[in-house]
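J.:
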Amino acid sequence: MPIRTLVAAVLAIIAVPDCRLLAREYAVGPDQEFLRLEQTPFERLAAGDVVSIHWRPEPYRAKWVVAARGTAEQPIVIRGVPGPEGQLPIIDAEGAVTGPQLDFWSGARGIIKIGGSNNPPDVMPAWIVIEGLELRGARPGRNFFGREGLAEYSESASAIYVERGEHITIRSCRLHDCANGFFSAHDSAHVLVEGCDIFGNGVEGSAYQHNNYTQSAGITFQFNRFGPLRDGCGGSNLKDRSSGTIIRYNLIEGGNRQIDLVEAQEGTEIRARDDYHVAFVYGNVLIERDGDGNNQIAHFGGDSGPEDDFRRGPLWFFHNTVLSRRNGTTTLLRLSTAVQRAEVFNNLVLVDGPGTRLAILGETGSVRMHHNGMKPGWKRSHDKFTGQVLAESNIEVDLAVVRNFAAGDFRLSSGSAAQDRGLPHPPDVADHPVKWQLGLPVQARKRPDDGRPDLGAVEFSD
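Counting along the sequence shown from 1, when you hit position 376 you're at 375 in numbering that gives the first Met the number 0, and nothing is skipped either side.
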């Protein structure tokens, strides 16, 4: 190569800096660059930057906004650095303060807000990862210091509030003791919630706050534990108004309903998407507690808007294990109108008491139900029924099919009647293979595949 060409090439490399070399890490905590979380320059975040929040014995009391754009290769990461025994850094909403360099609205809506600010200048946030943090306490009756001084959190407050943003990942966080645990508004897209522990949220005496309340253009929940809401709270566990909803490999216990999939409200763009009407629920363990809310495990369709806006389906519901401890009747699905339909296969649906306590549908809708395991005597509906249940190739099982129903050990018993009784994965859901399953304690494990699938969320293993 001629020397002049070589020099020109070197100068070109120098003139175009690698963004990875410009990215930096902001370390927060004892003996770190920033002792206090509110000192962190969140307004400067750029692609590739990392905020590392180190565990300390006392909680941090800070709140902030993220309004910046990362990239797929260089996301912006806000992460917790655990303590010596794996303790997550705690961010407590009570008395939380915001650094003077930040200026954003809706401070009463949460601890971490994504999108919607004056400083930093408002952009569509993208490629943001929040991981390894415990966030708690954003609820009415708790106060914070915002841009207008001392203020109270609203009834819509959440641990993490996504006002707008795309390619947002919430990973390995604990979200509890808030009005809503996780909340995304309609101007959000491509959201992933994985490996989180979300529990103990809600507002007493109200059915309008939930462990999860989301409305996004594309959302996936996987490998999470959704625990019971606060006592006296009537909200659902996982409520969602999104398009492209995927709920897989989660443990969901309690709530007015475990899963509530209804119409998008503000999001006309969401309703216009090709994937709006279809949802996928598979590989989950769904536990109904005695005395919780109504008796329905999952609801699909809509709850407030014009029926033309409701999701139509199909709801694909497969390879789930449902355990109901209700001392009374249980309904697997409520479909909102005669238009909604569901495909239900390869599940285990178990109730305490006789099989006659289980019904498949509420009042209407249609379901095709095959290759499931249930107690004998189940009913199509407990209500005045105008729908349709097409049932074939289901088998009779009892509580002994799982190792310990009372203790919530959902693994299959040795010699279980549910072994090798599933339908091989159908072409209609080829894009959703069941590759993983939950272990005890809740953790992701590869699901064995011998070509003869077992019923339920967990393939038998010794």
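All residues carry an ideal CB built from backbone N, CA and C; glycine is no exception. Because the structure is a prediction, the values reported are computed rather than measured.
1) Using only CA atoms, which one of I169, A61, R23 lies nearest to R43?
2) Identify the continuous beta strand (DSSP E) that holds E268 and give its terminal residues.
3) Evaluate the contact criterion for the segment 384-391 versus the segment 399-416: three or more CB pairs, one atom per stretch, below 8 Å.
4) Near R311, which residues of its chain fall below 7 Å by C-beta distance, leaving aside the five closest residues on each side in sequence?
5) Less than 8 Å between the CB atoms is what I'm expecting for R256 and Q221, so what's the real figure, rounded?
6) If you follow the beta strand (DSSP E) that T168 is in, where does it begin and where does it stop?
7) Report the residue from Q295, R356, G94 whose alpha carbon sits nearest the alpha carbon of G253.
8) In its own chain, which residues sit with a C-beta less than 7 Å from the C-beta of P1, not counting the 5 before and 5 after it?
9) Do T330 and L357 count as a contact pair if the criterion is CB distance below 9 Å?
10) Can you pull the DSSP bridge partners for T219?
11) Along the chain, which unbroken stretches of the beta strand (DSSP E) at least 3 residues long are found entirely within the segment 280-346?
12) Do S116 and V476 count as a contact pair if the criterion is CB distance below 9 Å?
13) Below 8 Å, how does it come out for the segment 225-238 and the segment 419-435: are there three or more Cβ pairs, yes or no?
14) Do you know offhand how far Q208's Cα is from E84's?
15) Thinking C-beta only, is F143 closer than 9 Å to G152?
16) With the cut-off set at 9 Å, would you say P74 and T168 are in Cβ contact?
17) Taking its Cβ as the centre, do 16 or more other Cβ atoms sit within 10 Å of Q442, making it buried, or is it exposed?
18) Return the chain-ordered ranges of every beta strand (DSSP E) run that is complete within the segment 369-438 and spans a minimum of 3 residues.
19) According to DSSP, is Q38 part of a helix, a strand, or is it coil?
20) When DSSP labels each residue in this structure, what does T355 get in the three-state scheme?
21) Indicate the three-state DSSP secondary structure (helix, strand or coil) for A11 in the structure shown.
22) Got a sec, what are the start and stop residues for the beta strand (DSSP E) R240 sits in?
23) Hey, would you say S413 sits closer than 9 Å to V396, going by beta carbons?
24) Do you know whose CA, among L398, Q387, L132, W315, lies nearest P375's CA?
25) Using the C-alpha atoms, what's the distance from G217 back to V15?
26) Thinking G301 and S335 are a contact (beta carbons under 8 Å), I'd like their distance in whole angstroms, please.
27) Look at the alpha carbon of R367 and the alpha carbon of F309, and state the distance between them as a whole number of angstroms.
28) Looking at R270: is its Cβ nearer than 9 Å to the Cβ of G243?
29) Rounded C-beta distance between S380 and G361? I'm assuming under 8 Å.
30) In angstroms with no decimal places, state the Cα-to-Cα distance between I110 and L332.
31) Quick one: what's got a C-beta closer than 6 Å to G106's C-beta in the same chain, skipping five residues either side?
32) Given a cut-off of 9 Å on the beta-carbon distance, is the pair L285 and I245 in contact?
33) Name the residue from F317, I359, S323, L411 whose alpha carbon lies nearest to the alpha carbon of H370.
34) If you draw a straight line from the C-alpha of E268 to the C-alpha of Q214, how long is it?
35) Taking the Cβ atom as the reference point for each residue, do A182 and R108 lie within a distance shorter than 9 Å?
36) So what does DSSP say about S101, is it helix, strand or coil?
T.: Taking the definition as stated:
1) The residue given as residue 43 occupies position 44 in the sequence shown. Residue R23 is the option with its Cα nearest to R43.
2) If you number the sequence shown from 1, residue 268 lands on position 269. Run containing E268: none in the beta strand (DSSP E); it sits in the alpha helix (DSSP H), 267-270.
3) The segment 384-391 makes no contact with the segment 399-416: fewer than 3 CB pairs, one atom from each, lie closer than 8 Å.
4) Position 312 of the sequence shown, counted from the first residue, corresponds to residue 311. For R311, where only same-chain residues beyond five positions count, the Cβ hits under 7 Å are H276, V338, Q339.
5) Indexing the sequence shown from 1 puts residue 256 at position 257. Indexing the sequence shown from 1 puts residue 221 at position 222. Not quite, the Cβ-Cβ distance comes to about 20 Å (not below 8 Å), so this is no contact.
6) For this step, residue 168 is matched to residue 169 along the sequence shown. Element bounds for T168: 157-170.
7) Taking the sequence shown and counting its residues from 1, one reaches residue 253 at position 254. Nearest C-alpha to G253: Q295.
8) Looking up residue 1 in the sequence shown gives position 2. Because P1 sits at a pLDDT of 48, beneath the cut-off of 50, its placement in the model cannot be relied upon, and the following sentence gives the value as read from the coordinates. So no residue of the chain qualifies.
9) Position 358 of the sequence shown holds residue 357. Position 331 of the sequence shown holds residue 330. Taking 9 Å as the Cβ cut-off, L357 and T330 qualify as a contacting pair.
10) Here the question's residue 219 lines up with position 220 in the sequence shown. Answer is L191, I245.
11) 284-287, 295-299, 314-317, 320-323, 329-334, 340-344
12) Outside the modelled stretch of the chain, which goes from 0 to 461, sits residue 476, for which no answer is possible.
13) no
14) Counted from its first residue, the sequence shown places residue 208 at position 209. Counted from its first residue, the sequence shown places residue 84 at position 85. Rounded to the nearest angstrom, the two C-alpha atoms are 33 Å apart.
15) The count along the sequence shown starts at 1 and reaches residue 152 at position 153. The count along the sequence shown starts at 1 and reaches residue 143 at position 144. Note on residue identity: the sequence assigns Tyr, not Gly, to residue 152. For Y152 and F143, yes; Cβs fall inside 9 Å.
16) As a first step, residue 74 must be located in the sequence shown, where it is residue number 75. As a first step, residue 168 must be located in the sequence shown, where it is residue number 169. Contact: yes.
17) Sequence index remark: in the sequence shown, residue 442 carries index 443 (1-based). Answer is exposed; the Cβ neighbour count stays below 16.
18) 378-380, 387-391, 401-403, 408-411, 435-438
19) One-based indexing of the sequence shown puts residue 38 at position 39. Reduced to three states, the DSSP call for Q38 is helix.
20) Residue numbering aside, residue 355 sits at position 356 when the sequence shown is read from its first letter. Helix at T355.
21) Taking the sequence shown and counting its residues from 1, the one referred to as residue 11 is at position 12. Confidence in A11 is poor, its pLDDT being 44 and thus under 50, which makes the residue's placement too unreliable to answer from.
22) For the purposes of this step, residue 240 is taken as residue 241 along the sequence shown, with counting starting at 1. R240 -> no beta strand (DSSP E), and no H or E assigned at all.
23) Indexing the sequence shown from 1 puts residue 413 at position 414. Indexing the sequence shown from 1 puts residue 396 at position 397. Result no, Cβ atoms of S413 and V396 do not sit closer than 9 Å.
24) For the purposes of this step, residue 375 is identified with residue 376 of the sequence shown, where counting begins at 1. It is L398.
25) The sequence position of residue 15 within the sequence shown is 16, counting from 1. The sequence position of residue 217 within the sequence shown is 218, counting from 1. Bear in mind that a pLDDT of 45 at V15, under 50, signals an unreliable position, so the model cannot answer this.
26) As a position in the sequence shown, residue 301 is number 302, starting the count at 1. As a position in the sequence shown, residue 335 is number 336, starting the count at 1. Between S335 and G301 the Cβ distance is about 5 Å, and since that is below 8 Å, they are a contact.
27) To locate residue 367, count along the sequence shown from 1; it is residue 368. To locate residue 309, count along the sequence shown from 1; it is residue 310. C-alpha separation (whole angstroms): 20 Å.
28) Here residue 270 refers to the residue found at position 271 of the sequence shown. Here residue 243 refers to the residue found at position 244 of the sequence shown. No, they are not a contact pair.
29) Here residue 380 refers to the residue found at position 381 when the sequence shown is read from its first residue. Here residue 361 refers to the residue found at position 362 when the sequence shown is read from its first residue. So it is a contact: roughly 7 Å between Cβ atoms.
30) Numbered from 1 along the sequence shown, position 111 holds the residue referred to as residue 110. Numbered from 1 along the sequence shown, position 333 holds the residue referred to as residue 332. Distance between the alpha carbons of I110 and L332 is about 34 Å.
31) For this step, residue 106 is matched to residue 107 along the sequence shown. Answer for G106: G145, listed in chain order.
32) Counting from 1 along the sequence shown, the entry for residue 285 is found at position 286. Counting from 1 along the sequence shown, the entry for residue 245 is found at position 246. Contact flag unset, no.
33) In the sequence shown, the residue the question calls residue 370 occupies position 371. Residue F317 is the option with its Cα nearest to H370.
34) Translated into positions along the sequence shown, residue 268 becomes position 269. Translated into positions along the sequence shown, residue 214 becomes position 215. Roughly 11 Å separates the two Cα atoms.
35) For the purposes of this step, residue 182 is identified with residue 183 of the sequence shown, where counting begins at 1. For the purposes of this step, residue 108 is identified with residue 109 of the sequence shown, where counting begins at 1. The displayed chain sequence assigns Phe, not Ala, to residue 182. Yes.
36) Counting from 1 along the sequence shown, the entry for residue 101 is found at position 102. The sequence shown places Leu at residue 101, not Ser. It is coil, neither helix nor strand.
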